[in-house]
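For reference, the structure discussed in these notes is given below.
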Amino acid sequence: EPEVTQTPSHQVTQMGQEVILRCVPISNHLYFYWYRQILGQKVEFLVSFYNNEISEKSEIFDDQFSVERPDGSNFTLKIRSTKLEDSAMYFCASRRDTEIYGYTFGSGTRLTVV
Amino acid sequence: AQKVTQAQTEISVVEKEDVTLDCVYETRDTTYYLFWYKQPPSGELVFLIRRNSFDEQNEISGRYSWNFQKSTSSFNFTITASQVVDSAVYFCALAETQGGSEKLVFGKGMKLTVNP
């Protein structure tokens, strides 16, 4: 069964450093998402991406965050200057156009900012 | 605005007991989708079910069953004869179809512990 692949599974970074989280969505999917889950809390929507541009973003997704689909297969989330409160699990998801709600989530990247 | 409420935060049962996880939602849309996800200790989100707002039929899948009632805006999930492997955090989620990117809004989750 096709999977959404996220790398790395766990990343530790120092406060103030830039970090890039990588995702490889399912190949025929057209809509891409990032969600965040602070430890012990609910999963929160960050941003959606379609047709090479952001279609919606949440209040959490401020100027520190950016997304990119640099080469047609990867979908990345960049945090420019990490803060302690950015420590969380970050989930990538994708879906096809014809299966509007056929969301497939990746297994997540646990980001720890120290 | 969308809202999903999972009033129970944590439940502990003994193996073979039945357990029901409650989910109440709020939406102004007439067309929407409801989901349940399981998050085991390893952290990934495991898709369990999706239901659209026009389909109120209850569903059974093995030991899992779901009761969707639009009249009470609820989408409850029952595990019959629970097993230790059911121990996880369970999330209910809602997606609206109009005017957005069909993002999912999650409830706070309910931690289920099944003891042997």
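Protein chains in written order, with the working numbering: chain R, 1 to 114; chain B, 1 to 116.
From the three backbone atoms N, C-alpha and C, an ideal C-beta is built for every residue, glycine too.
For residue i versus residue j, is the C-beta spacing smaller than 8 Å?
i                 : j                 : result
Pro116 of chain B : Val84 of chain B  : yes
Leu21 of chain R  : Thr76 of chain R  : yes
Gln2 of chain B   : Gly107 of chain B : no
Ala93 of chain B  : Phe35 of chain B  : yes
Thr20 of chain B  : Thr78 of chain B  : yes
Tyr33 of chain B  : Arg51 of chain B  : yes
Asn58 of chain B  : Asp22 of chain B  : no
Ser13 of chain R  : Thr82 of chain R  : The amino acid at residue 13 of chain R is misidentified as Ser; the sequence shows Thr. Closer than 8 Å, so yes.
Glu18 of chain R  : Arg80 of chain R  : yes
Thr30 of chain B  : Ser53 of chain B  : yes
Ile42 of chain R  : Phe47 of chain B  : At residue 42 of chain R the sequence reads Lys, which differs from the Ile that was named. For Lys42 of chain R and Phe47 of chain B, no; Cβs fall outside 8 Å.
State the beta-bridge partners of residue i as determined by DSSP.
i                 : result
Met110 of chain B : B:Tyr90
Cys92 of chain R  : R:Trp34
Thr5 of chain B   : B:Val24
His10 of chain R  : R:Arg110
Gln39 of chain B  : B:Val89
Glu18 of chain R  : DSSP lists no partner for Glu18 of chain R.
Asn52 of chain B  : B:Tyr33
Val47 of chain R  : R:Trp34, R:Lys57
Asn28 of chain R  : Note: Asn28 of chain R sits in no beta bridge, so no partner.
Tyr103 of chain R : Tyr103 of chain R pairs with nothing; no bridge assigned.
Lys78 of chain R  : R:Ile20, R:Ser66
Establish whether the CB of residue i and some CB of chain B are separated by less than 8 Å.
i                 : result
Val24 of chain R  : no
Arg69 of chain R  : no
Tyr33 of chain R  : yes
Arg110 of chain R : yes
Ser48 of chain R  : yes
Tyr90 of chain R  : no
Is residue i close to chain R? Criterion is C-beta to C-beta, closer than 8 Å.
i                 : result
Phe75 of chain B  : no
Leu112 of chain B : no
Lys70 of chain B  : no
Leu94 of chain B  : no
Phe91 of chain B  : yes
I want to verify the contact list: residues of chain R whose CB lies under 9 Å from the CB of residue i, in sequence order.
i                 : result
Glu10 of chain B  : Residues of chain R passing the Cβ test: none, with the nearest at roughly 11 Å.
Lys108 of chain B : Gln41, Lys42
So for residue i, helix, strand or coil by DSSP?
i                : result
Ser58 of chain R : coil
Lys83 of chain R : coil
Val4 of chain R  : coil
Ser71 of chain B : helix
List the residues of chain B whose Cβ lies closer than 9 Å to the Cβ of residue i, in chain order.
i                 : result
Met15 of chain R  : Simply none; closest approach about 23 Å.
Ser107 of chain R : Ser42, Gly43, Glu44, Leu45
Using a cut-off of 8 Å between C-beta atoms, extract the partners of residue i located in chain B.
i                : result
Val4 of chain R  : What Val4 of chain R touches in chain B: nothing, since even the nearest Cβ is about 10 Å away.
Phe45 of chain R : Lys103, Leu104, Val105
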